[in-house]
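Student:
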Amino acid sequence: MANPALGIPPRTGYAPKYKASWEELPTAKEMEQVEALLGDLSKLKAAKLTGSAMALFFCKRLTQSIQSWVHPGYEYWGRADST
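If you count the sequence shown from 1, you need to add 7 to reach the numbering used here.
1. Look at the alpha carbon of H78 and the alpha carbon of A87, and state the distance between them as a whole number of angstroms.
2. For G77, does the three-state DSSP call read helix, strand or coil?
3. Measure the alpha-carbon distance for L56 versus V41 and round it to whole angstroms.
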């Protein structure tokens, strides 16, 4: 199995080169997706599901999971690993 291609270009140490497309407004088709995503976000916000609440939830779940491991995470035993 080969390693996948890198998704991020190598670091050059130079500032990014300006692209005119960065200032273009979204197309009508892209705006449909934007409106749908904003609607979904407003529903989540109304349910008090914010980024900080999600981070806290994730940390609680991760901490609980680490406590119940039967062996350290670096000793992964493959797909049959119960942790």
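C-beta atoms are modelled at their ideal positions from N, C-alpha and C, and glycine is treated no differently. Because the structure is a prediction, the values reported are computed rather than measured.
Tutor: The short version:
1. Sequence index remark: in the sequence shown, residue 78 carries index 71 (1-based). Sequence index remark: in the sequence shown, residue 87 carries index 80 (1-based). In a straight line, the C-alpha of H78 is about 13 Å away from that of A87.
2. Along the sequence shown, one-based indexing puts residue 77 at 70. According to the sequence as given, residue 77 is Val; it is not Gly. Here V77 sits in coil by DSSP.
3. Locating residue 56 in the sequence shown gives position 49, where the first residue counts as 1. Locating residue 41 in the sequence shown gives position 34, where the first residue counts as 1. Going from the Cα of L56 to the Cα of V41 covers about 19 Å.
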